[in-house]
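Written out below as structure tokens is the structure these notes cover.
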Amino acid sequence: MSKKTIGLLMTTALLATALAGCSGNGNGNGSGGSEANANAGAAANSGSGEAKAIDTSKKVELVWYVLGDGHADSPKIQDQINAMLEKDINATIKLNFTTWNDWQTKYNLLLTSGEKVDMVFASTWADYYKFADQGAFKELNDLLPTYMPETWKAVPKQDWDEATVNGKIYAVPSTYPEYTPDGLVYREDWRKELNVPEIKDLDSIEAYLDAVKTQKKVTPINGKAWNEVFTLFKAYHGYEQIGGDSGVIVAKSYDAPRDIVNYAETPEFEQFVKRMKTWSQKGFWTSDTLSSQKEAGDALKAGTGGAYWRNAPGAGGFIVDAEKTNKGTDYAYFPFTRFHGYAMPTLSVNNAMAVPKSSKNAERSLMALEKIRTDSRYFDLLTYGIQDTHYSLSDDGKLAISPPKGKENDKNFKGYGITSWGWRVTSLAKEQQAGGWTEFPALMEEFKAESKPNIFAPIIMDYKPVKSQQAAVNQVIQQYGMPLMMGLVPDVDKALETYRKQLKAAGVDQVLAYVQEQANAYFDEKGIQ
């Protein structure tokens, strides 16, 4: 095979299949493995104090892959990075990018074709646990204390636990806590104008939507409204989904994680769908909402809608853009965490870097990643670009301002941004954009103050034993459940009875039993009652 062909295959080979997970309890993030690592790390950094000699006499080129697209100036940045790396560890990085087009297939090919790749972005939503369980990545336990000693000591034990599969660490997690709870973006200026109470619960949300419809004569959620309603339902009742699945199987609450149910059989669901019938009758969304291709956010921005579902970071970006587009408007955000007073961070291995099994330079790759995570020269270049070309620093050095000074009015300016998620660390990260969402820091502090460990997302399941039942259940959800929840049925009681019967016939009880079994095994391992 020619070098050109190999390069083409490698360029088309990246990032992963969404959340299918490992078989059985394959994620096995047991504390035992992590405690062993902690002991090893202590040993590696104690005693005589002399670091193990590392042979870097042979120059190597490291082949790395990250998600998405590069930037026009990526080659310049890579040259600067490589000049430093060559001096520091006698290595260079060939940083490859993938597009979003068919990324699941590309990532599978990358990790199964045997191509020589030295480091790759990894994530739970890119099947990290499944690929680790299948042996696609190199085990890092014995390498980390020697080749990434600062990272080894700095990463919290909880994060190493989350990266552990069957007692072995297969990725270096990003140490940049993220909170992405669901919530509602709305027009705060309209709320005040319409004399609606401050949004703080389901009743005040309804009052706002009703006022928008009756007084503003605007469809409140104008376009696709499923996300708004479904996420509201889960959060309002405190239901937690297992392993990121979006079906009908949930834990009834954070405090009762083993109480796993089919929510369609609960009295809470019955009450909710009856309320949503009234919302639908009031015109809070259109009758074609389930087939609509319109984004409710577009309508909200245009003044023809009043609400839009977003997670917290997404809300910030939307609000900044909308207020810039519509001068004088005022938007606000209600995070659904306020229903129950807790927030769970995303797993640290939502963003991580792993060494594929095919790598011939794992040690040097880890050394390069250590540089990026601990040296601001490397981190800033790969994360923000070239200073005064792609961004400027604020006087206190804490803010990356883009466009940089002197280019504020340059219509041809294109900000630098690649998927740097895998190596982000809080100690080096800068707040970006001078015109950022001013409410975001306070919101993050709110989430941190009420933070609880994410005990549901690590339960990654492949559903193989109940594959046919799960497929049938998902079909029933679409055909019967979604119209019911959106209030688009003539008789709620009759539709609810039909929905429950169809779920039973599809095999929902078998799916429930499987999820319960997997969850119990994980909770037993973790000592979660």
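Residues -20 to -1, 1 to 509 (mature numbering (1 follows the signal peptide of the UniProt record, and there is no 0)) are what the sequence shown spells out, left to right. Just so it is clear, CB atoms sit at the ideal spot from N, CA and C, and this is done for glycine as well.
For the alpha helix (DSSP H) containing phenylalanine 213, name the first residue and the last one.
Following the DSSP letters along the chain, one finds phenylalanine 213 inside the alpha helix (DSSP H) bounded by residues 206 to 217.
Comparing alpha-carbon positions, which option in Asn330, Val192 and Ala323 lies nearest aspartate 139?
Out of Asn330, Val192 and Ala323, Asn330 has the C-alpha closest to the C-alpha of aspartate 139.
Residues bridged to glycine 224 by DSSP?
None, per the DSSP bridge assignment.
Taking serine 233 as part of the beta strand (DSSP E), name the residues at either end of that continuous run.
Counted as a single uninterrupted DSSP element, the beta strand (DSSP E) harbouring serine 233 occupies residues 229 to 233.
Taking DSSP as the reference, what is the three-state secondary structure of valine 46?
Secondary structure of valine 46 (DSSP, three-state): strand.
Take isoleucine 457 as the anchor and find which of Asp390, Ala244, Pro433 and Lys337 has the nearest alpha-carbon.
Relative to isoleucine 457, the option among Asp390, Ala244, Pro433 and Lys337 whose CA is nearest is Ala244.
Residues near serine 400 by beta carbon distance below 7 Å, same chain, minus five either side
Cβ within range, chain order: Leu362 and Thr363.
Using beta carbons (cut-off 8 Å, strictly below), is alanine 215 in contact with chain C?
This model lacks chain C altogether, as it is built from one protein chain only.
When DSSP labels each residue in this structure, what does serine -19 get in the three-state scheme?
Because serine -19 carries a pLDDT of 37, less than 50, the predicted location of this residue cannot be relied on, and no value is offered for it.
Near glutamate 131, what residues of its chain come up, given a Cβ to Cβ distance below 6 Å and the 5 sequence neighbours on each side ignored?
It is worth fixing the name first, because residue 131 is threonine in this sequence and not glutamate. The residues Glu350 and Arg353, in chain order, have a CB closer than 6 Å to that of threonine 131 in the same chain once the five nearest residues on each side in sequence are set aside.
CA nearest to the CA of residue 510, picked from Gly48, Phe210, Asp59 and Ile69
Since the first and last residues shown for the chain are -20 and 509, residue 510 lies out of range.
Following the continuous alpha helix (DSSP H) through arginine 357, name the residue where it begins and the one where it ends.
Run containing arginine 357: 356 to 364, per the alpha helix (DSSP H) assignment.
State yes or no: is the C-beta of asparagine 202 within less than 8 Å of the C-beta of leucine 327?
One thing to note: asparagine 202 has its Cβ no nearer than 8 Å to the Cβ of leucine 327.
Would you call the region 458 to 471 in contact with the region 484 to 494, where contact means no fewer than 3 C-beta pairs closer than 8 Å?
By the Cβ criterion, the region 458 to 471 is not in contact with the region 484 to 494, since fewer than three pairs of Cβ atoms, one from each stretch, lie closer than 8 Å.
Close beta carbons around aspartate 190, own chain, < 7 Å, minus the five adjacent residues each side:
Cβ neighbours of aspartate 190 within its own chain (closer than 7 Å, five residues either side excluded): Lys262.
Let me make sure I understand the geometry here. Which of Ser271, Ile229 and Asp183 has the alpha-carbon closest to that of tryptophan 259?
Measuring from the Cα of tryptophan 259, the nearest candidate turns out to be Asp183.
Kindly indicate the opening and closing residues of the alpha helix (DSSP H) around aspartate 375.
Looking at the DSSP string, aspartate 375 is not in any alpha helix (DSSP H), and its letter there is neither H nor E.
Quick check on glycine 461: does DSSP put it in helix, strand or coil?
Looking at glycine 461 - three-state DSSP - the assignment turns out to be helix.
Ignore the nearest five residues each way along the sequence and tell me which others in leucine 212's own chain have a CB closer than 6 Å to its CB.
Contacts found: none.
For threonine 269, which of Ala312, Asn76, Lys133 and Met466 has the nearest alpha-carbon?
Comparing alpha-carbon positions, the option among Ala312, Asn76, Lys133 and Met466 lying closest to threonine 269 turns out to be Met466.
State the DSSP-derived secondary structure class of glutamate 158, mapped to helix, strand or coil.
Three-state DSSP puts glutamate 158 in coil, outside helix and strand.
Using a Cβ-Cβ cut-off of 6 Å (strictly less than) and excluding sequence neighbours within five positions of threonine 317, which residues of its own chain qualify?
Closer than 6 Å at the Cβ level, and outside the excluded window around threonine 317, lie Pro161 and Ala323.
Name the one or two DSSP bridge partners that methionine 256 has.
Note: methionine 256 sits in no beta bridge, so no partner.
Excluding the 5 residues flanking alanine 23 on each side, which residues of the same chain have their C-beta closer than 6 Å to its C-beta?
Low per-residue confidence applies at alanine 23: pLDDT is 36, beneath 50, and the placement is therefore not dependable enough to give any value.
Nearest to valine 145 (by Cα), restricted to the options Met128, Arg167 and Ala112
Selected option, being the one with the closest Cα: Ala112.
Here's the rule I'm using: 16 or more other beta-carbon atoms within 10 Å means buried, otherwise exposed. How should lysine 110 be labelled?
Around the CB of lysine 110, 16 or more other CB atoms lie within 10 Å, so the residue is classed as buried.
Thinking just about the alpha-carbon of each residue, which of Gln114, Asp141, Ile229 and Pro153 is nearest to the one in methionine 128?
If we check each option's Cα against that of methionine 128, Pro153 comes out closest.
Option nearest glutamine 114 by Cα separation, candidates Arg404, Leu42 and Thr92:
The shortest Cα separation from glutamine 114 among Arg404, Leu42 and Thr92 belongs to Thr92.
Meets three-Cβ-pair contact criterion under 8 Å: the region 224 to 240 and the region 441 to 457:
Yes, the region 224 to 240 is in contact with the region 441 to 457.
To the nearest angstrom, how far is it from the Cα of aspartate 360 to the Cα of serine 54?
Within the model, the alpha-carbon separation for aspartate 360 versus serine 54 is close to 13 Å.
Residues in its own chain within less than 6 Å of phenylalanine 393 by CB, not counting five upstream and five downstream?
Sequence-distant partners of phenylalanine 393 (beyond 5 residues in either direction) whose C-beta falls short of 6 Å from its own C-beta, in its chain, are Pro383 and Lys387.
Sub-8 Å separation of valine 97 and leucine 90 beta-carbons
For valine 97 and leucine 90, yes; Cβs fall inside 8 Å.
Return helix, strand or coil for methionine 64, following the three-state DSSP convention.
Helix, per DSSP.
Once you ignore the five residues that flank serine 267 on each side, which residues in its own chain have a CB closer than 7 Å to its CB?
The answer, listed in chain order, is Leu468.
In the DSSP output, what is asparagine 76 paired with across the bridge?
Paired residue(s): Tyr45.
Hey, valine 40 and alanine 71: beta-carbon distance below 8 Å or not?
Yes, the pair counts as a contact, with Cβ atoms nearer than the cut-off.
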